[in-house]
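Chemist: Below is one structure. I have some questions about it.
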Amino acid sequence: MRRENLLTVVAASLFALFVLLALFGPWLVPYDPLSTSAGASLSPPDAAHWFGTDALGRDILSRVIVATRLDFGIAVAAVAVSFVIGATLGCLAGFHGGWHDRIISRLADTIMAFPLFVLAMGVVAAMGNTVANIVIATALINLPFYIRVARAEVNVRREAGYVEAARLSGASDARILVTHLFPNILPPMMVQISLNMGWAILNAAGLSFIGLGVRPPAAEWGIMVADGAQLIVSGEWWVAFFPGLALMLAVFSFNLLGDGLRDLIDPRRRT
Amino acid sequence: MNAQRLLAARAGVAFVLRRLAAALPNLLGVVIVTFLLTRALPGDPAAYFAGPAASREAIEEVRHALGLDRGLATQFGLYLRDLAQGDLGNSISTGRPVATELVERLPASLELTLVALVLATLIAVPLGVLAATRPGSMVDHLCRVIATAGVSLPTFFTGLLLAYVFYFLLGWAPPPTGRLDPAFSPPQAVTGFYLIDALLDADAELLAAVAGQIALPAITLALFVIAPISRMTRASMLGVLSSDFVRTARAVGLSRARVLYVYALRNALLPVVTTLGMVFSFLLGSSILVEKVFAWPGVGSYALEALVASDYAPVQGFVLVLAALYVLLNLVIDLAYGVVDPRARFEA
Amino acid sequence: MNAAQSPSIAGQARPAGAVSAHQTPDPAKPARVPLLDVRDLHLQFQTRTGVARVLDGVSLHVDRGETLGIVGESGSGKSVLFLALLGILEANARVTAGSASFGGFDLLGSSEAERSSVRGRELAMVFQNPRAALNPIRRVGHQIEDVLLRHTATPRHALQARAIDALRRVQIADPEARYHAYPFELSGGQCQRVMIAMALACEPALLIADEPTTGLDVTTQAAIMALIARIARESGMATILVTHDLGLAGAHCDRIAVMHAGHLVETAPAAELFARPRHPYTARLLASTPYGARSIESLVSVPGQLPDLTRTDLSPCRFSERCDRVLPACAGALVTRDMGEGHHVACHNPC
């Protein structure tokens, strides 16, 4: 028990650190993340540049810090979009059943019929290479999970006593959904969000790693790892290492917190 | 006894048909979505496919040839007709049919994915079993940490780290550049899987070279899916170990090994088999990233090269082929489940 | 541990191969020494809320060929008692004191390897809910063969025939076909017959039947009980029937032991117990039980519930809080009195 608490504390501290960096990063960095310096290119980590510099002489520490906002922003936006659309569709499917349910479940099944990262890649490739489309693609592949959770939770509650009571007192379906059912499905949806957030960051960073979405010279972890990829074989490890580490720690802290939240809200699902 | 066999056979056939029927809507969904994606190309697809130097007439001609001037339903019909003929369009950069190029590169990707899956299973299942038989122990905690850490690893990052440590620092692994060192010529293509073909050629040196080359990318991919498999094994094994039939097996005095492996593990693996679908989704997605890191000449790096060159037909073909492959893999998993769980075959 | 080294002799308990022969009872004079002799057994469960003293000084014995009924509410410890004797309880259970001898074999002190060679061969157990108690993805014939392989020297080519024989012995219709069946293809009653066939495959000296008919319909219940009784009679096997159904125990058992909250409160020959119950708990149970009919669970006449066994302030007599015959002496140490005629009762103020 105590070991797990310790892990959760570590995860929470990491998470808080990343949130601070996302909010105040641009004011905390020692260097301009975009300013190049031909003289200081590819210098290994030292006192001046803790994380070293990249091929264009940009300070990697500054770029890693500044990138936090973009990476978190994409993930939060994507998860928010999937949450809103997924909760709405899932509620409709679970509440009305019938053809609503069939169409919405079929939609979720169709998305799940793809290897999800491949679908995201196809969507960005087809819709255009922009950050907005990265958000849309990441939201799309997260959507089925939210639809399914919301649908299942509403489905088991739609015959509940308090729903029947509201119905008898003349409340409309929409009112019942919003005031009686939605608050009840929030806890499992929150668990889903916390479990998905890390995955959303990974997907977004993966997409920019393969050259989709974020364009250079913007600082973003995935693209920074991609920048350093070719340098690994010649020994300049720091260019890819620090952004990769930041990405890994961010996802790790999300996943640990997600596990903790899940244990808290729904101990039965613990595995 | 014969009647029973006959009944079982009939149930088996019905089961296969039922599974096939269940896979069809998914396949159709995949085709529709990829069709819609081809229509969502940035800009004017006709202008795009006609090439940058095309005249207005040439563009119109392409538009007509692609059926883009007709209704969406007609276009979909044409799309289906092309698919039925195995026509996924041509790559602009190479000028060759996308279908041919994908077929050439598919074995490389499949070999990588399957080796990773086997590797991950060999590590994850024993780990999950150990954790479940000793709940609360060090192994259990280790399993939990590995599970959480594993899903947190960006595969492209772990791939680079492994390449740095095992190629640059230690020199144990060959350079992360493709399927085979240029000093070797590839084995005679029988299966397209270099490992198997090298075995068939009975060429030990070649086999070693091939294995050395696939080791790092396969480990990278495996690391990512050890987490879900070991987690599922642990949870399911815990459930089975406290079940009534394991108590029966112990009550009749069966040895610990037999109780654990014949009675508990076989039952515990059933839910693990069903999660293989999700595992394949992860594997196929991450393989794109790993192929890029290790310059692996599979369909993923093919699609990425095309993507960089704004050559869209290969990307669309890639998405379709991988999605179809995924539907097929899920079908195979369903059928395999029916083989290992007799109850599934008889479900109405 | 190899079963081939210790060939089976029906009706006689033998220790595992590792146990030296002098512990084996002399078959020439089987009387006097009970087949199963449990003395002062204490058992604890480590639970989240504390230590539950689930068995507290339980002593009982079973003679060869005898049928003993163990009756109690769910939670009284009656199933735990036998799972402990077989050595198949979960890791959080611990025997803290007591001894259990089975035909001279030390059930509690022996190694797991020794015990597992006795389980299923000399000491067998069948459970309630037979459908869940069988491996769902293994043909029932193969599950019987697993037992034969473990404990007997049956050659492989003869396994199937012996498994089918075992099925025939429990009167399963068309045993050749049922051999290939999976549990989900059989009815609950058929599954219980398979369980019994597995338990009896090695001709054990003692069969523990834990609620063997719970969940089965009434006619199947009667058939299963008749089957167990017939096989026990034919082979001289002793039987322990664990049940919450006093009527069932009365109809099938020579002696009955009543359990309450981890204590064995009263033991007597069945007729004696029904005629002259001495423990207030038994008396209350019987007062509202028309002979051979209802089960304890449906009774309302015994007020209160089983006490929480994790409590540290439990009275020595765990029934005293539900009892209307409490005396000041009841706060003193609990003793079991011999009332004669094989009738024992753990009460300061017997009826």
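Chains as they are written, first to last, in this note's numbering: chain A, 1 to 271; chain B, 1001 to 1348; chain C, 2001 to 2351. Using N, Cα and C, we set each Cβ at its ideal position, and we do this for glycine too.
How many Å lie between V1240/B and N1267/B at the Cα?
Modeler: Taking the straight line joining both Cα atoms gives about 7 angstroms.
Chemist: Look up R2169/C in the DSSP assignment and say whether it is helix, strand or coil.
Modeler: Of the three classes helix, strand and coil, the one that applies to R2169/C here is helix, per DSSP.
Chemist: Go to H1141/B, then tell me how far its alpha helix (DSSP H) extends in each direction, as first and last residue.
Modeler: Note, H1141/B: alpha helix (DSSP H), 1138–1152.
Chemist: Ordered along the chain, which non-local residues of its own chain (more than five positions away) have a Cβ less than 6 angstroms from that of E1291/B?
Modeler: These residues qualify, in order along the chain: G1298, G1300, S1301.
Chemist: Residues of chain B with CB under 9 angstroms from V225/A, in chain order?
Modeler: Result: P1154, F1156, F1157, L1160.
Chemist: Using the Cβ count rule (16 or more neighbours within 10 Å means buried), how would you classify C2191/C?
Modeler: Classification for C2191/C: buried.
Chemist: Against chain B, does H2151/C count as a neighbour if the rule is that its beta carbon must be under 8 angstroms from one of theirs?
Modeler: Closer than 8 angstroms to some Cβ of chain B, the Cβ of H2151/C qualifies, so yes.
Chemist: I'd like to know if A1251/B contacts chain C, where contact means its C-beta is closer than 8 angstroms to some C-beta of that chain.
Modeler: Chain C contact via Cβ: present.
Chemist: If contacts are defined as beta-carbon pairs under 8 angstroms, then N184/A and I141/A qualify, I think. What distance do you get, rounded to the angstrom?
Modeler: That pair is no contact at about 26 angstroms.
Chemist: Does the beta-carbon of L1289/B have 16 or more other beta-carbons within 10 angstroms, so that it is buried, or is it exposed?
Modeler: Per the 10 Å Cβ criterion, buried.
Chemist: With a threshold of 8 angstroms between beta carbons, is A1307/B in contact with chain A?
Modeler: Residue identity check: residue 1307/B is Leu in the sequence provided, not Ala. Answer yes: the Cβ-Cβ gap between L1307/B and chain A drops below 8 angstroms somewhere.
Chemist: Alpha carbon to alpha carbon, how far is G2087/C from D2106/C? Give it in angstroms, no decimals.
Modeler: Distance between the alpha carbons of D2106/C and G2087/C: 11 angstroms.
Chemist: To the nearest angstrom, report how far apart A2003/C and A1264/B are at their CA atoms.
Modeler: With a pLDDT of 39 at A2003/C, under the threshold of 50, the modelled position of that residue is not reliable, and the figure given next carries that caveat. Computed Cα separation, rounded: 23 angstroms.
Chemist: Mark N133/A as exposed unless 16 or more other C-beta atoms lie within 10 angstroms of its C-beta, in which case mark it buried.
Modeler: It counts as buried.
Chemist: Provide the residue(s) that pair with M2125/C in DSSP beta bridges, ordered along the chain.
Modeler: DSSP output for M2125/C lists I2208/C as bridge partner(s).
Chemist: In the DSSP assignment, what are the bridge partners of T2239/C?
Modeler: T2067/C, L2207/C.
Chemist: So what's F2082/C in DSSP terms, helix, strand or just coil?
Modeler: Looking at F2082/C - three-state DSSP - the assignment turns out to be helix.
Chemist: F2045/C by DSSP, collapsed to three states: which one?
Modeler: Reduced to three states, the DSSP call for F2045/C is strand.
Chemist: M2125/C touches chain B at which residues, Cβ-Cβ below 7 angstroms?
Modeler: A1251, listed in chain order.
Chemist: So, with DSSP's three-state summary, where would you put L257/A?
Modeler: In this structure, L257/A counts as helix in the three-state DSSP scheme.
Chemist: What three-state label does DSSP hand L92/A in the structure shown?
Modeler: Residue state, collapsed to three classes: helix.
Chemist: P2269/C lies in the beta strand (DSSP E); which residues open and close that run?
Modeler: Segment 2263–2269, the beta strand (DSSP E) holding P2269/C.
Chemist: Have a look at G2262/C and A2132/C and give me their C-alpha separation to the nearest angstrom.
Modeler: Spanning the two alpha carbons is a distance of roughly 27 angstroms.
Chemist: Contact criterion: CB-CB distance below 8 angstroms. Does M127/A meet it with respect to chain B?
Modeler: Yes, M127/A lies at the interface with chain B (some Cβ there is under 8 angstroms from its Cβ).
Chemist: Where H100/A and L92/A are concerned, what is the direct C-alpha to C-alpha distance, given to the nearest angstrom?
Modeler: Their backbone Cα atoms lie some 7 angstroms apart in a straight line.
Chemist: Return the residues of the segment 1244–1272 of chain B that lie within a Cβ-Cβ distance of less than 8 angstroms from chain C, sorted by chain order.
Modeler: So the close ones are D1244, F1245, R1247, T1248, A1249, R1250, A1251, V1252, G1253, L1254, S1255, R1256, R1258, V1262, Y1263, R1266, N1267, L1270.
Chemist: So which residues on chain B does R2233/C lean against when the C-beta distance must stay under 8 angstroms?
Modeler: Within 8 angstroms Cβ-Cβ: nothing; R2233/C doesn't reach chain B, min ~23 angstroms.
Chemist: Rounded to whole angstroms, what's the CA-CA distance from V1033/B to A126/A? Just pull it up for me.
Modeler: Rounded to the nearest angstrom, the two C-alpha atoms are 11 angstroms apart.
Chemist: When you compare only the Cα positions, how much space is there between R1179/B and Q1213/B?
Modeler: Those two C-alpha atoms are separated by around 6 angstroms.
Chemist: Short check: CB of P1176/B to CB of L1216/B, under 8 angstroms?
Modeler: Against a cut-off of 8 angstroms, the Cβ pair of L1216/B and P1176/B comes out as a contact.
Chemist: Would you please verify whether the beta carbon of R1314/B is less than 8 angstroms from any beta carbon of chain C?
Modeler: Contrary to the premise, residue 1314/B reads as Pro rather than Arg in this sequence. No, because no Cβ of chain C sits closer than 8 angstroms to the Cβ of P1314/B.
Chemist: Checking the sheet assignment: what are the DSSP bridge partners for P188/A?
Modeler: Looking at the DSSP assignment, P188/A forms no beta bridge with any residue, so it has no partner.
Chemist: Please list, in chain order, all residues of the same chain as S194/A whose beta carbon is under 8 angstroms from its beta carbon, the five residues on each side excluded.
Modeler: Excluding residues within five positions, the ones whose Cβ falls inside 8 angstroms are F254, L257, G258, L261, R262.
Chemist: Please confirm if R1096/B has its CB atom under 8 angstroms from at least one CB of chain C.
Modeler: Closer than 8 angstroms: no.
Chemist: List in chain order: all unbroken beta strand (DSSP E) runs of 3+ residues lying wholly within the segment 1084–1144 of chain B.
Modeler: The qualifying runs do not exist here; there are none.
Chemist: Identify whether V2058/C lies in helix, strand or coil by the three-state DSSP scheme.
Modeler: In this structure, V2058/C counts as strand in the three-state DSSP scheme.
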